[in-house]
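Using UniProt numbering, read the sequence shown as starting at 34 and increasing by one per residue.
For every residue, glycine included, the Cβ atom is placed at its ideal position computed from N, Cα and C.
Take a look at the structure below.
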Amino acid sequence: EMATSFAEPQGQGGETHQVAAGDIAILTSAQGMPIADDQNSLKYGARGPTLLEDPHFREKIFHFDHERIPERVVHARGFGAHGFFELTDSLADVTRADVLQRVGERTPAFVRFSTVAGSKGSFDLARDVRGFAVKLYTKEGNWDLVGNNIPVFFIQDAIKFPDLIHAAKPEPDRGFPQAQTAHDNFWDFVSLTPESMHMIMWIMSDRTIPRSYRTMEGFGVHTFRLVSAEGKSTFVKFHWKPKQGLQSVVWNEAVKINGADPDFHRRDLWDAINAGDFPEWELGVQLFDEAFAEAFDFDVLDATKIIPEELIPVRTVGRLVLDRVVDNFFAETEQVAFCTQNVVPGIDFTNDPLLQGRNFSYLDTQLKRLGSPNFTHIPINAPKCPVANFQQDGHMAIANPRGRVNYEPNSWGASIGGPRESPERGFTSFPAEDQGPKLRIRPESFADHYSQARQFYVSQLAIEQKHIADALVFELSKVERPDIRARMVSHLLHIDEMLANTVADGLGLATLPAPAQAARAPLPDLPP
Ligand code: HEM
């Protein structure tokens with residue numbers, strides 16, 4: 034039908050010219066200049082050479098040459114969708130966050146699911162953690178809950194993140210394996226990092242080969258704070274529970290799917306949303322106070338630990354629905370920038386040393402990835418509430434302050450003077466009391482690396498335990514160095530002896546290694 038309004042004169046070389054007519058728009062350059070011929074560069078004579086003068090050719094190739102931006106340093110492969118968050122139970126008693134006040138109110142949302150280790154073009158069913166990043170465009174600014182589908186993490190301190198990721202990604206000399214945990218560097222690192230053992234149990238479980246993005250849980254992982262209008266602080270862990278249920282594939286299926294359809298998860302989400310089968314998650318919170326935190330066996334600031342739901346039940350407070358696919362993958366899914374630092378008044382951080390490091394890292398990497406401090410002007414990142422400040426200039430500045438005044442305080446009148454602080458409505462950090470010597474150590478409360486790993490393992494059904502053992506045998510059998518295999522088994526002995534034996538058998542270890550030694554040197558005496 035469209036084609037009928039094209040006049041299609043053939044060029045001399047037989048190339049097709051589709052010409053604007055009727056309501057078919059005229060092709061233009063980026064400067065708006067109408068284009069007469071998009072098939073042929075300007076040449077001297079019929080056979081060239083091509084002329085440097087040709088503005089259309091130069092602009093078109095110039096733009097193409099700069100199409101790629103760096104992929105995310107982690108979570109490069111992902112897929113996003115739009116939707117909304119609806120509050121079903123008010124949290125007004127524990128937080129002043131506007132988004133968590135009024136039952137029934139909807140807040141626009143954008144969610145990006147991802148794998149961690151693989152490059153942008155890798156396959157969807159890799160055995161890997163899945164990112165579950167949620168941006169809520171609230172009336173008090175964007176609140177990002179940048180979570181994963183597993184409630185704990187590999188490391189306790191952000192300073193180890195570059196090592197973890199280097200070890201997990203392709204080995205630097207050979208450039209492979211792509212998106213595989215099965216290699217020496219990865220297992221070498223984790224076997225020397227006992228704090229990762231709880232996470233290892235989760236990643237060897239079927240959680241890392243989800244059936245669909247729609248059948249995954251999500252977790253904020255860290256302990257955050259909610260702060261009430263009266264300034265009272267309550268600790269919180271965030272959970273997303275899929276209405277579709279929790280489902281995984283088995284390894285055999287994952288391998289086949291990767292070959293048959295590397296886009297399995299993105300296609301699944303795209304198809305479901307387009308078919309009107311909107312995936313939905315419940316938002317749950319675990320709320321606890323300082324007294325619970327003090328009495329808890331583990332440190333609530335340690336991201337390798339969960340708060341058992343038997344101790345603190347999950348209270349459902351809202352739902353997240355994804356009901357619209359993106360118009361453009363690059364503009365939205367690629368350019369979206371999540372950051373743990375993006376919170377709203379009434380939500381605050383804790384001293385979790387992983388969270389503190391993330392707050393720095395995301396902003397820093399996004400300047401590199403998106404190329405300008407003005408990436409908040411990109412529509413997918415722009416808040417949907419009023420934005421007014423005196424930030425200006427930089428690459429691609431498209432929202433500079435208006436008028437004469439770009440500083441404050443100033444003595445210009447209301448219409449000229451620009452925005453002002455709001456002590457009532459503005460963000461205030463919770464005035465947590467912290468003091469002590471400046472030290473580069475890990476507290477003793479972070480030292481137990483095995484109890485929760487065991488707790489997870491024994492909580493699994495027999496078939497799930499078998500899958501964990503099978504996965505360990507499969508992955509470790511790809512490891513060439515016998516000492517690394519044995520070192521892993523030496524940790525498993527602290528988690529579950531049967532599991533350790535099964536894995537040792539599967540790997541054909543002649544003898545069982547001694548259980549791993551205590552993880553780290555004794556702590557220095559603290560100054561009084
Ligand atoms: C990206 C989650 C730890 C640095 C991401 C993404 C998720 C995520 C979901 C992808 C966001 C998207 O879809 O665009 C987590 C979780 C962590 C964790 C749950 C632990 C609890 C860390 C740490 C660091 C870090 C410790 C560094 C110190 C990054 C970076 C990116 C990223 C640099 C790329 C961001 C971008 O290019 O926009 N993370 N992460 N992450 N993460 Fe993490």
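Counterpart residues of R163 in DSSP-defined beta bridges: Taking the sequence shown and counting its residues from 1, one reaches residue 163 at position 130. BP columns for R163 point to T148.
So which of S492, Q51 and T461 has the shortest CA-CA distance to T128? On the sequence shown, residue 128 is found 95 positions in, with the first residue counted as 1. The candidate whose alpha carbon is nearest that of T128 is T461.
Beta-carbon proximity check, T349 vs G390, cutoff 8 Å: Counting from 1 along the sequence shown, the entry for residue 349 is found at position 316. Counting from 1 along the sequence shown, the entry for residue 390 is found at position 357. Contact: no.
What residues in its chain sit with their C-beta under 7 Å from that of G65, if we drop five residues either side in the sequence? Position 32 of the sequence shown, counted from the start, is the residue given in the question as residue 65. None.
Quick one: what does DSSP say T366 is sitting in, helix, strand or coil? For the purposes of this step, residue 366 is taken as residue 333 along the sequence shown, with counting starting at 1. Three-state result, T366: helix.
Ends of the beta strand (DSSP E) at G174? In the sequence shown, residue 174 corresponds to position 141, counting from 1. Note, G174: beta strand (DSSP E), G174 to N181.
If you check the beta carbons only, do C372 and L396 fall under 8 Å apart? By one-based count along the sequence shown, residue 372 stands at place 339. By one-based count along the sequence shown, residue 396 stands at place 363. Yes.
Proximal residues to M521 (C-beta, below 7 Å), its chain only, five neighbours per side dropped: Translated into positions along the sequence shown, residue 521 becomes position 488. Correct list, in chain order: W220, S224 and L509.
Output the distance between the C-alpha atoms of A554 and G351, rounded to the nearest integer angstrom. As a working note, residue 554 is residue 521 in the sequence shown. As a working note, residue 351 is residue 318 in the sequence shown. With a pLDDT of 41 at A554, under the threshold of 50, the modelled position of that residue is not reliable, and the figure given next carries that caveat. Going from the Cα of A554 to the Cα of G351 covers about 45 Å.
Where do the ends of the alpha helix (DSSP H) carrying D217 lie? For this step, residue 217 is matched to residue 184 along the sequence shown. Looking at the DSSP string, the run of the alpha helix (DSSP H) that includes D217 is D217 to S224.
K172: buried (16+ other C-beta within 10 angstroms of its C-beta) or exposed? Looking up residue 172 in the sequence shown gives position 139. Label assigned to K172: exposed.
Using DSSP with H/G/I as helix, E/B as strand and the rest coil, what is D196? On the sequence shown, residue 196 is found 163 positions in, with the first residue counted as 1. D196 falls in the helix class under three-state DSSP.
Does the distance from the C-beta atom of residue 639 to that of F143 stay below 8 Å? Only positions 34 to 561 of the chain appear in the structure, and residue 639 is not among them; the question remains open.
From this set, Y77, V420 and G151, which residue's C-alpha is nearest E104's C-alpha? Counting from one through the sequence shown, the residue named residue 104 turns up at place 71. It is G151 whose Cα lies nearest to the Cα of E104.
Confirm the yes/no value for this check: CB of G151, any heavy atom of the ligand HEM, distance under 7 Å. For the purposes of this step, residue 151 is taken as the residue at position 118 of the sequence shown. Not so, every heavy atom of the ligand HEM lies at least 7 Å from the Cβ.
Starting from E530, trace the alpha helix (DSSP H) both ways and give me its first and last residue. Stepping through the sequence shown from its first residue, residue 530 is reached at position 497. Note, E530: alpha helix (DSSP H), E530 to G539.
Proximity of W314 and K274 at Cβ, strictly below 8 Å: Along the sequence shown, read from residue 1 onward, the residue named residue 314 stands at position 281. Along the sequence shown, read from residue 1 onward, the residue named residue 274 stands at position 241. Against a cut-off of 8 Å, the Cβ pair of K274 and W314 comes out as a contact.
Pick out the complete alpha helix (DSSP H) segments inside the segment 272 to 324, 4 residues or longer, and give them in chain order. 284 to 293 and 297 to 307
Report yes or no: do the segment 156 to 165 and the segment 176 to 183 share at least 3 C-beta pairs separated by less than 8 Å? yes
Using DSSP with H/G/I as helix, E/B as strand and the rest coil, what is G450? As a working note, residue 450 is residue 417 in the sequence shown. Correct three-state label for G450: helix.
Secondary structure at S394, three-state DSSP: helix, strand or coil? Here the question's residue 394 lines up with position 361 in the sequence shown. Residue state, collapsed to three classes: helix.
State the start and end residues of the unbroken alpha helix (DSSP H) segment that holds H231. Along the sequence shown, read from residue 1 onward, the residue named residue 231 stands at position 198. From DSSP, the alpha helix (DSSP H) with H231 extends over M230 to I236.
Check whether the Cβ of S155 lies closer than 7 Å to any heavy atom of the ligand HEM, and answer yes or no. By 1-based counting over the sequence shown, the position of residue 155 is 122. Every heavy atom of the ligand HEM is 7 Å or more from the Cβ of S155, so no.
Return helix, strand or coil for T241, following the three-state DSSP convention. Position 208 of the sequence shown, counted from the start, is the residue given in the question as residue 241. In this structure, DSSP gives T241 a helical state, which the three-state scheme calls helix.
For V52, which three-state DSSP category applies? For the purposes of this step, residue 52 is taken as the residue at position 19 of the sequence shown. It is a strand residue.
Go ahead and label P243 buried or exposed: buried means 16 or more other beta carbons lie within 10 angstroms of its beta carbon, across all protein chains shown. The sequence position of residue 243 within the sequence shown is 210, counting from 1. P243 comes out buried.
Where V512 and G292 are concerned, what is the direct C-alpha to C-alpha distance, given to the nearest angstrom? One-based indexing of the sequence shown puts residue 512 at position 479. One-based indexing of the sequence shown puts residue 292 at position 259. For V512 and G292, the distance between alpha carbons rounds to 23 Å.
F268 - partner residues in DSSP beta bridges: Locating residue 268 in the sequence shown gives position 235, where the first residue counts as 1. Per DSSP, the beta-bridge partners of F268 are R258 and F321.
What are the boundary residues of the alpha helix (DSSP H) that includes H500? The count along the sequence shown starts at 1 and reaches residue 500 at position 467. Element bounds for H500: A495 to S510.
Cα-Cα separation, P205 to K401: The residue labelled residue 205 in the question sits at position 172 within the sequence shown. The residue labelled residue 401 in the question sits at position 368 within the sequence shown. Between P205 and K401, the C-alpha separation is close to 22 Å.
Near H428, what residues of its chain come up, given a Cβ to Cβ distance below 7 Å and the 5 sequence neighbours on each side ignored? Counted from its first residue, the sequence shown places residue 428 at position 395. Around H428, the same chain offers G404, S405 and N407 as residues with beta carbons nearer than 7 Å, after the five sequence neighbours per side are excluded.
Considering only C-alpha positions, which residue in the set D294, F252, Y246 and S266 is nearest to G278? Counting from 1 along the sequence shown, the entry for residue 278 is found at position 245. It is Y246 whose Cα lies nearest to the Cα of G278.
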